[in-house]
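As numbered in the numbering used here, residues 8 to 409 make up the sequence shown, in order.
Virtual Cβ for every residue (Gly too), placed ideally from N, Cα, C.
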Amino acid sequence: MSVFEYKAIDINGKKSTGFIESDTEKSARQQLQSQQLTLLEVNKSQRKLSQTTTWFEAKLSVADTAIITRQLASLLQAAIPIDEALKTIGQNSGKKHIGKIVRQIRSSVIEGQSLAKSLTLNAKELPLYFISSVKAGERTGELGRVLDKLANEIQNQEKFKKKISAALIYPIMISIVAIVVVVSLLVFVVPQIVSVFDDSGQALPPLTIAVIAASDFLADNIELIISLLIALYIATKLAFRQENIRSAWQRLLGKAPVVGYLLINANAARFSRTFALLHESGTPVLVALTNAANSLSYLPMRQAILIATEKVREGSTIFKALQAQNALPSLSLYMLASGEASGQLSEMLNKSAENQEVDLDNYTTKIISLFEPLMILFMGGIVLLIVLAILLPIFELNQVNL
């Protein structure tokens, strides 16, 4: 990521300066505008914000964030002052890194910073929608309620991710084991059998010749193949640091039969959830749209929603702006339109997300139930070919001897 220096005017009319990390100047401007800043100047800087970062720097995991948010919400709803609430959480945390971060946040609050600003300074891994929700909660005086909803949202997102990950573990493990078995047969078993055929001097079947050629290629080039795979992995990681390359690749994935459905609908559900949370917490619509878009991993959808946000800024309805960009699946769009027209936008967005999450869960289960036997049959077929390639010459040799 690049670092950009900015000068801006905040919502209170005060001058604000600082640095922000982002892929491009355009995305940096969008992030700053989502913080309700009027930009005066944004320039690329040579400064590296991550110079002081180490592998051991204290960071909040998703689980840690959910726990702290829930605890802080409960204490604030019990009318405990925010500095006392943070002090209590820091002192009673069972993890040193959590206690350290909470103490840093509390120090910023005591110095006069808002909680949103303190979180921005001391917990940089928190997403923009989280900060915006906290800011809205502070502005409306309903911080405890907003934090409670944030905790629910974080836990729901993590639960959904774990459910999808758990469903994918078994087929991935089957694939890995099958590949290891096939490579082991070709590299270690086949060469041992080949020596027997060489001594016999008999003509080998075409299948056996093909398997021996594959075995020789793997055995002779295994180090080169591993090196190329490592180089390909590193090159891919470096290339995907560029937003335009990631976007182009994801656009291709979005058109793929199974992966595209999962990618688009998972991100649409994420957008609906996040936008609903921000809207319900009192965040201005333009800020809510921008931050909800920036929470998405699928860049084509993020970019389409950000373009639609500018149309909303010009006076368009949310539905028409998103529809014009084809930013969301049809069902999500029409549920959003229904909520926008009836004044129940948050409720309809949450229902839309729930429907998509159920559909994704069912779809994933169905695909995996089809994939597992197909994968077993495919890899079993390859193993069978290798075994046949070994056995056919042996049968022929036995017939000659008889």
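Following the continuous beta strand (DSSP E) through residue i, name the residue where it begins and the one where it ends.
i: N50; result: 45–52
i: Y13; result: 9–16
On the CB-based measure, 16 or more other CB atoms within 10 Å of its CB, does residue i come out buried or exposed?
i: G350; result: exposed
i: T372; result: exposed
i: S339; result: buried
i: T316; result: buried
i: P264; result: exposed
i: L83; result: buried
i: T76; result: buried
i: T24; result: exposed
i: E48; result: exposed
i: Q78; result: buried
i: Q98; result: exposed
i: D155; result: buried
i: S68; result: exposed
i: I27; result: buried
i: N405; result: exposed
i: Y240; result: exposed
i: T281; result: buried
i: F195; result: exposed
i: Q58; result: Confidence is the limiting factor: at Q58 the pLDDT is only 40, short of 50, which leaves the residue's position unreliable and the question unanswerable from this model.
i: M308; result: buried
i: T72; result: buried
Quick check on this structure: which residue in the options has the alpha carbon closest to the alpha carbon of residue i?
i: L313; options: I27, D17, K33; result: K33
i: K306; options: L285, A275, I117; result: For clarity, residue 306 is Leu in the given sequence; the question names Lys instead. With distances taken between Cα atoms, L306 lies closest to A275.
i: T290; options: K51, V153, I105, L39; result: V153
i: G346; options: Q78, I393, I325; result: I325
i: A226; options: S191, N50, S202, I16; result: S191
i: A311; options: S254, A283, L377, Y268; result: S254
i: A273; options: D17, I89, D366; result: D366
i: S331; options: L343, G322, M342, K318; result: Position check: residue 331 holds Ala in this sequence, whereas Ser was assumed. Of the listed residues, the one whose Cα sits closest to A331 is K318.
i: N370; options: L270, K21, I27; result: At residue 370 the sequence reads Tyr, which differs from the Asn that was named. It is L270 whose Cα lies nearest to the Cα of Y370.
i: I374; options: A15, M308, L46, A174; result: A174
i: A92; options: S114, G388, A220; result: S114
i: F278; options: L335, A328, S222; result: L335
i: N50; options: T31, Y341, I74; result: T31
i: S9; options: E364, S52, G20; result: S52
i: E354; options: S302, V197, M342; result: M342
i: N301; options: R110, L193, L133, M180; result: L133
i: L392; options: V189, L303, I176; result: V189
i: N129; options: E160, V109, T45; result: V109
i: V292; options: L245, G322, Q199, S304; result: G322
i: Y13; options: K21, A35, G20; result: A35
i: D368; options: T45, Y268, K102, L211; result: Y268
i: D17; options: K124, V203, D223; result: K124
Could you give the first and the last residue of the continuous alpha helix (DSSP H) run that contains residue i?
i: V196; result: Premise fails: V196 is in no alpha helix (DSSP H) and is neither H nor E.
i: E145; result: 135–147
i: T72; result: 69–84
i: S125; result: 122–129
i: A344; result: 337–349
i: R320; result: 306–320
i: E230; result: 213–246
i: A300; result: 292–301
i: L329; result: 325–331
Identify whether residue i lies in helix, strand or coil by the three-state DSSP scheme.
i: I181; result: helix
i: G101; result: coil
i: F26; result: strand
i: A263; result: coil
i: I401; result: helix
i: S163; result: Reading the sequence as shown, one finds Asn at residue 163 and not Ser. Three-state result, N163: helix.
i: E118; result: coil
i: K21; result: coil
i: A173; result: helix
i: A210; result: coil
i: E132; result: coil
i: G289; result: coil
i: A334; result: coil
i: G388; result: helix
i: T31; result: coil
i: K107; result: helix
i: P380; result: helix
i: K66; result: coil
Residue i CB to nearest chain B CB: under 8 Å?
i: G267; result: Protein chains in the displayed structure number just one, and chain B is not present.
Checklist entry - Do the region 385–404 and the region 213–231 make contact, defined as three or more Cβ pairs closer than 8 Å? => result Yes, the region 385–404 is in contact with the region 213–231.
Next on the checklist: Three Cβ pairs or more, each shorter than 8 Å: is that satisfied between the region 167–185 and the region 379–389?
Outcome noted: yes
Next on the checklist: For the pair the region 249–263 and the region 117–131, tell me if three or more CB-CB distances fall below 8 Å.
Outcome noted: no
Checklist entry - Counting Cβ pairs closer than 8 Å, one from the region 162–182 and one from the region 142–152, do we hit at least three? => result The answer is no - the region 142–152 does not touch the region 162–182, with fewer than three Cβ pairs under 8 Å.
Checklist entry - Does the pairing of the region 129–146 with the region 287–302 give three or more beta-carbon distances under 8 Å? => result yes
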